[in-house]
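All remarks here apply to the structure that follows.
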Amino acid sequence: METITTEQLKARLNNNDKLHIIDVREPEETALGVIPGAVLIPLMQIPERLDEIPLDQETILVCRSGGRSGKAYDYLQAQGYTNLKNLTGGMLAWDES
991 METITTEQLK
1001 ARLNNNDKLH
1011 IIDVREPEET
1021 ALGVIPGAVL
1031 IPLMQIPERL
1041 DEIPLDQETI
1051 LVCRSGGRSG
1061 KAYDYLQAQG
1071 YTNLKNLTGG
1081 MLAWDES
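Heads up: the sequence shown begins at 991 in the numbering used here, then just goes up one per residue.
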């Protein structure tokens, strides 16, 4: 599983790199904050919303701590997605950085 740290992601966002960020938390969890530009697709909705996740663009997966986004990573990889990264430590790490 490829990962990205919060520091790396912030640097990429500051450089305006073309990234697709998917937040797989539930809507009520996002009240505590989201990464700018992230699209909310709760983990259980990923299979029915694959058309919203581009195959040809780097996709960063985010959740609270990295567990659910890891499951999303594995699922998407099985569907043929190859340009994926999981945010190490999830939003807990993002909030601390």
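Even glycine gets a Cβ: it sits at the ideal position worked out from N, Cα and C.
inquiry  = Beta-carbon within less than 7 Å of S1059's beta-carbon, same chain only, minus the 5 sequence neighbours each way: which residues are those?
reply    = V1014, L1051, V1052, C1053, N1076, L1077, G1080
ask   = If you follow the beta strand (DSSP E) that K1075 is part of, which residue opens it and which one closes it?
value = 1074–1077
query = Going by beta carbon distance, what residues of the same chain come within less than 8 Å of T1049, once the five residues before and after it are set aside?
reply = L1009, H1010, I1011, I1012, I1043, L1066, Y1071, N1073, L1074, K1075
ask   = Given K1061, which residues of its chain have a CB within under 7 Å of its CB, disregarding the five upstream and five downstream residues?
value = Counting only Cβ-Cβ distances below 7 Å, and skipping sequence neighbours, we find L1033.
query = Could you give the uninterrupted runs of the alpha helix (DSSP H) lying entirely in the segment 1011–1069, keeping only those of 4 residues or more?
reply = Qualifying alpha helix (DSSP H) stretches, in chain order: 1057–1068.
query = Taking DSSP as the reference, what is the three-state secondary structure of T996?
reply = helix
message = Between which residues of its own chain and R1039 is the CB-CB distance below 8 Å, once the five residues before and five after are set aside?
response = If we look at R1039 and ignore the five residues flanking it on each side, its Cβ neighbours are I1031.
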